[in-house]
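Q: Dropping a structure here in C-alpha cells format, bear with me for questions.
Below, the structure is given as C-alpha cells:
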C-alpha cells in the first residue's frame, strides 16, 4: 500500500503540471482516517482552487476553518470561494467572523473592506481598508497601491499609488520597490515629489515614534564628486552601489545621514544595545 505522504507528493506533482484529474485520483486513493487529515484536506483546497471548482472548495474551506480556527488562510480562502460563487454577503460574514478572533490580521481587514466595497458599502469599506493599513502590513499597503494605479473603483492616481508602494518598502518588502520602479517610469518629476511627500507625511502621522540607528561601512575612494553645495565624497561599498541604495532604502526612513571616519559599526551596535535602540546594519 502506498503511504499517504507519498500519495500527496504524487498529487502535488500532477497538480504542478496542471493534471488535475490525475491529482484527484491520487487523493481519492487515500483510505482510512488519513482522508480527513489536515494535510489531505489542505491539498483538496489547493486543487479545487486551481480547478476553480468553487462549490467543492467552499465545503472544504468551511471544514478547514473549523479544524484550525486560529489560522487566517482558511478563513480568507473560504470567503474568497463564497465571493466567486456570487455569495458576497456570506463572504463578508465569514471575514467578520474570523476578525472576531484575529483583530490584528491585516489581510482579513483588507478582505472585509473589499467585500463591503463590492456590496456598495463604501464608508465601511474605507474604514476596514484603513484598519488594514494601520497594521503596517506590506500586503495591506501594496493593494491600495495597485487600486490607485489601475483605477479600480477610484480615480487613477499615480502619485497615491507610488506613495503606497513606498510604504511597502518601508515595511521591508521587495514587492513595493519593484512596483514603484515600474510606475515611476510613467510619472512626472512633480508627481514623484508629491508621492514622496505624502509617504513621509503618512509615516509621521501613523508611525509609532520609534527610532532606528542604521549603519553601513564603506571606503572613501578617489574620483569625481558631485558639486551640490554640501561636504561630499565618493564611496565604495562591499554590496556595490545598487545593493547599497536598495538595502539602505528598505532599512528605515532615513531622516539624516552622517559620515564618520573609521570602522565603527560594532560600536554603534553596542551603543544601540545599551540604549535599547534597534540597529540595522546594511553592510
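In the working numbering, the protein residues as written are 2 to 284.
All residues carry an ideal CB built from backbone N, CA and C; glycine is no exception.
If you're wondering where the values come from, they're calculated on a predicted model, not measured in any experiment.
Counting along the chain, where does the beta strand (DSSP E) carrying residue 221 start and finish?
A: Taken as a continuous stretch (DSSP letters only), the beta strand (DSSP E) holding residue 221 covers 219-221.
Q: If you drop the 5 nearest sequence neighbours on each side, which residues of the same chain put their C-beta closer than 6 Å to that of residue 126?
A: Closer than 6 Å at the Cβ level, and outside the excluded window around residue 126, lie 114, 117 and 118.
Q: Report yes if the CB atom of residue 8 is closer than 8 Å to the CB atom of residue 27, and no otherwise.
A: Result yes, Cβ atoms of residue 8 and residue 27 sit closer than 8 Å.
Q: When you compare only the Cα positions, how much space is there between residue 80 and residue 35?
A: Taking the straight line joining both Cα atoms gives about 26 Å.
Q: For a test of the three-state rule: what should DSSP assign to residue 63, helix, strand or coil?
A: Residue 63: helix per DSSP, three-state reduction.
Q: Rounding to the nearest angstrom, what Cα-Cα distance links residue 221 and residue 239 in this structure?
A: Their backbone Cα atoms lie some 12 Å apart in a straight line.
Q: If you count every other CB in all the chains shown that lies within 10 Å of the CB of residue 175, and 16 or more means buried, which is it?
A: Confidence in residue 175 is poor, its pLDDT being 46 and thus under 50, which makes the residue's placement unreliable; the coordinate value appears in the next sentence. It counts as exposed.
Q: Once the 5 residues before and after residue 2 are set aside, which same chain residues still bring their CB inside 6 Å of it?
A: None.
Q: Quick one: Cα of residue 271 to Cα of residue 88, how far?
A: Going by the C-alpha atoms only, they are around 56 Å apart.
Q: If you check the beta carbons only, do residue 212 and residue 280 fall under 8 Å apart?
A: No, the Cβ-Cβ distance between residue 212 and residue 280 is not below 8 Å.
Q: Check the DSSP bridge columns for residue 116 and list the partner residues they point to.
A: Beta-bridge pairing links residue 116 to no other residue.
Q: If you draw a straight line from the alpha carbon of residue 73 to that of residue 61, how long is it in whole angstroms?
A: The alpha-carbon atoms of residue 73 and residue 61 are separated by roughly 15 Å.
Q: From 120, 38 and 218, pick the residue whose C-alpha is nearest to that of residue 282; which is it?
A: Closest by alpha carbon: 218.
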